[in-house]
Structure formats: structure tokens, C-alpha cells
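> Residue numbers (this note's numbering): 763 to 1012.
The beta carbon of each residue, even a glycine, is placed where N, CA and C say it ideally should be.
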């Protein structure tokens, strides 16, 4: 991550072609100026979860069921990378190379996913810590986002706690959950037992997909999108560029 800024600065001066840059674009606040120096029509940032099966599943659910607007996203994504020996020698554990630690390496995916679904951010609250102390960078973080449309996101990411993948999308009249192996849609909100008490609605739509496959497919789709635009000598969507700026600033 810490190398991105030097390449972007150099390329902005000498190169007019297409550039694929991995996320995050930068990892230091003072480098935000780069967004004003590069060409948003030719520079593409690899926020691959924008192109995942999650988006398709949500669209399918909204087409079939009146679940309303998305009001909250809750994500828990963790795996104990920091207990492995190779983590100690990784740039991800080095605060000089990864000053924001697990947030910039893992959390950035889900910050951007929240921005993609819920828009610009009004306020950020976070707590970041180094639990295992296998390196100098923080390995665990909790992030709360208040979006400008009054919706909210909560994100927990860790390289220290046990392996778990969970994303929960709460809509006005239905919910969608990814549990690491399945995408499930719950509907309708007005679901009651014989005593008239609210109970969990039934699963009305389901798709089996592992977290690994979800990630690899999204990366493939992301790269294919880049190649498709570049091969046609077309321009990237400026809205994608602006969302990259928002996610990075957060």
C-alpha cells in the first residue's frame, strides 16, 4: 500500500494510458492531493467487492420482494493471520508500511462496500488495537460509520481473532445475510407466531457460495471490467472514482 503513491505521482506526469491500482489508493492523509492530480477517466482502483455476488443477490431480492431501503450494514470479517510466522515478516504487520494496520488491508474492502451501498460518510468512530503484538501494526479494529443519508454501518475486522465471515444487510422490510457459505434473504417483516409475536421471517431466496469464491469472483469481475474499458479506449465511471476518494478518506 505504501508504494502506491509514488507510482501514481510518477505515472500522472509521464503516462496517459490506463492504470489499475490496488486498494487502497493511499494510506496517509497527507497524500489525498493525488486524487486531484490523476485522471479519473484512466485511473482505476481495485475495490473488487463492488463487483461481487452480493450486489447481484441484493438486486435479485429487490426485484422479487419489496424489502425497501437499506438502513444498516453489520460486518464481522476476521481470521487469525497474526498467529502465523509469516505475518511477523509481512509488510501488513509493519506500522511503517501499514500505518493503519488491518483497517487499510482488510477493513478498506468493507468501508468501500458500505460507501457503495449507502453513500457518503458524515462521521467515523473507530477503535484500533494490536492484540497479538506479532508486529507493530494494529491487527484488530472496530469501525462505525454514520452516512449522510442517516443510515449506519458497523465493521469489525481482525487478524487476531478466530476465522469468521458475516455480513448482514438490514432493509426496511427484509434482511440479507452472508454467513461465509450462503447468501440468504429473509422476508416479509410482518411474520408472526400463533401468539402474534414477531419471529424471524423465512428464507425466501438463497445462494450457496464460500467466502473464498466470493472474493475470487469479485476480483475476476473487477479486472474484467478494467480490461473491457481499456480495450475499448473508453472512460471509467467518475462516480466510481469519487467513491474511491470517499472510502480512502474514511
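Expressed to the nearest angstrom, what Euclidean distance is found between the alpha-carbon atoms of residue 845 and residue 896?
7 Å
> Can you list, in chain order, the residues of its chain with a C-beta nearer than 7 Å to that of residue 773? Leave out the 5 residues immediately preceding and following it.
Cβ neighbours of residue 773 within its own chain (closer than 7 Å, five residues either side excluded): 781.
> With burial defined as no fewer than 16 other Cβ atoms inside 10 Å of the residue's Cβ, what is the status of residue 1035: buried or exposed?
No information on residue 1035 is available, as it lies outside the stretch 763 to 1012 that the chain covers here.
> Taking only runs of the beta strand (DSSP E) that begin and end inside the stretch 887-959, which ones reach a length of at least 3 residues, in chain order?
902-909, 914-920, 926-933, 937-940 and 944-948
> Three-state secondary structure (DSSP) at residue 834?
strand
> Do the stretch 974-994 and the stretch 802-817 touch if we need at least three Cβ pairs shorter than 8 Å?
The stretch 974-994 is in contact with the stretch 802-817.
> Is it buried or exposed for residue 997, if we count other Cβ within 10 angstroms and need 16 for buried?
exposed
> Which residue marks the beginning of the beta strand (DSSP E) containing residue 805, and which one marks its end?
Where residue 805 is concerned, the enclosing beta strand (DSSP E) stretches over 805-808.
> Quick check on the DSSP output: what are the complete beta strand (DSSP E) runs of length 3 or more inside the stretch 818-874, in order along the chain?
832-840
> Sorted by chain position, which residues of the same chain lie with C-beta nearer than 6 Å to residue 854's C-beta, five sequence neighbours on each side aside?
860 and 867
> Is there contact here, the stretch 939-955 with the stretch 909-923, by at least three beta-carbon pairs under 8 Å?
no
> Quick one: what does DSSP say residue 984 is sitting in, helix, strand or coil?
helix
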